[in-house]
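To start, the structure under review is shown below, and the notes come after it.
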Amino acid sequence: MADHTPTPQLRSWTLIDGEPADPGMPLVAANDRGVLSGDGVYTTMAVFGGVPFAISLHRRRLTDSLDYLGLEAAEVPWERVASLPTELGVADGRLRITVTAGPGAPLAPATNPTVFVTLSELDPGVPTPALSVANGVHPRDSRRFGAGHKTIAGAADTRGVLARARRHGANESLHPTSDHLLCEGTSTNVIVVTGGRVETPSLSTGCLPGITRQLLLDAGLMAEAERLTPHDATHADELILTSSVRGVIPVDSVDQRPKPGRNGPVWQLLDAYLTQLRAATPDPQAPPGP
13 MADHTPTPQL
23 RSWTLIDGEP
33 ADPGMPLVAA
43 NDRGVLSGDG
53 VYTTMAVFGG
63 VPFAISLHRR
73 RLTDSLDYLG
83 LEAAEVPWER
93 VASLPTELGV
103 ADGRLRITVT
113 AGPGAPLAPA
123 TNPTVFVTLS
133 ELDPGVPTPA
143 LSVANGVHPR
153 DSRRFGAGHK
163 TIAGAADTRG
173 VLARARRHGA
183 NESLHPTSDH
193 LLCEGTSTNV
203 IVVTGGRVET
213 PSLSTGCLPG
223 ITRQLLLDAG
233 LMAEAERLTP
243 HDATHADELI
253 LTSSVRGVIP
263 VDSVDQRPKP
273 GRNGPVWQLL
283 DAYLTQLRAA
293 TPDPQAPPGP
């Protein structure tokens, strides 16, 4: 007999400039440059057991982006962000911080940025699904000004790229570079496993310095490769994606070529490591520089 038990409704909350707001209410200024021109950046982290995972690494990356893109006037309430899941009784979820240039003329300095904090519950009993991946035709320019930063301006491009991927029977797309190298997914980093080598594209390709990517590199579980191509992804023994919220994502096909997905031994190793790290070290730190 089919189970007709209703799925529990998952809740969400929003803070705007530190004040609670109904996430469904139209509270953004009509002249906010994040709305008008995609002028802003963001970071998204997972919440486990009421604790935002790797918040210090996310804070460092977002602060670097704010400084780089002229949004350093933003006041992100980091202590409130860290305690928000506990305050609202959220055990597992997704926590996103978005900073826009705020109201003003398009090219005027961002003297009063808008800071959104959005917390959404996630059901920990639902595993991350395996993805079908297609190599895309829309290159990432490693020399673009915003390379390596999570800007909100690229959302429309991502929507179009994913629409093309779906037409080809996939639900994720891999970006090449303008030099025909492998870069990243639409919202993921890429790991290519071939002949015992576990490699990810170098930051020189313009890919995002993802937090999960960094943690796996710091653990010595994979290495940066100076040259990986879309062909390498298609013909890899395993292809794996990483994301701050979804973790280590199995891939079951690339360009309709079957991949082992959850049965892949490297995926299993990386997933087990990340699960253990999340439980033992909720706020891992980057190793000291040279």
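Take the sequence shown: its letters are residues 13 to 302, numbered as in the numbering used here. Virtual Cβ for every residue (Gly too), placed ideally from N, Cα, C. All values reported here derive from a predicted model rather than from experimental measurement.
Buried versus exposed, by CB contacts within 10 Å (16 or more), residue i
i	result
P20	Only weak support is given to the placement of P20: the predicted model assigns it a pLDDT of 48, under 50, and the value that follows is read from those uncertain coordinates. So P20 counts as exposed.
V263	buried
M13	Annotation note: pLDDT 36 at M13 (below 50); position unreliable, coordinate value reported separately. Looking at its Cβ environment, which holds fewer than 16 other Cβ atoms inside 10 Å, M13 is exposed.
V138	exposed
G30	exposed
P64	buried
T112	buried
L251	buried
R179	exposed
G207	exposed
L282	buried
R152	buried
E99	exposed
Of the listed residues the options, nearest to residue i (C-alpha basis)
i	options	result
H70	G50, I261, M57	M57
P121	P38, V149, E84	E84
R239	T198, L229, L194	L194
S154	V278, E196, I28	E196
D169	G181, T198, K162, H161	T198
Q280	S265, P294, L233	L233
L74	T293, V257, G222, L39	G222
V145	L27, T130, V204	V204
S95	G61, A86, G276, K162	G61
P141	G259, A292, T55	G259
I109	W90, Q268, A235	W90
Residue i vs residue j beta-carbon contact at 9 Å
i	j	result
V59	V127	no
V88	L107	no
I164	D34	no
P118	S185	no
V149	P188	yes
P125	A86	yes
S132	G114	no
T303	A235	The displayed coordinates of the chain run from 13 to 302. Any statement about residue 303 would go beyond what the structure contains.
Nearest-angstrom Cα separation, counted from residue j out to residue i
i	j	result
N201	T241	14 Å
H243	N147	9 Å
R209	G116	50 Å
G158	G82	12 Å
P296	V47	34 Å
L143	A66	25 Å
V173	D230	31 Å
A182	T123	42 Å
Q288	L227	12 Å
H16	L134	Since pLDDT at H16 reaches only 38, below the 50 mark, its modelled position is unreliable, and no value is offered.
R72	Q268	38 Å
I261	A42	38 Å
Check: residue i C-beta below 8 Å from any heavy atom of the ligand NAD
i	result
L83	Inclusion of the ligand NAD in the displayed structure is not the case, the ligand content being empty and no account of it being possible.
CB-CB length for residue i against residue j, believed under 8 Å
i	j	result
S77	V53	5 Å
S214	A237	7 Å
S256	T224	6 Å
S246	V278	The amino acid occupying residue 246 in the given sequence is Thr; Ser does not appear at that position. Not a contact, Cβ separation roughly 17 Å.
K162	L220	6 Å
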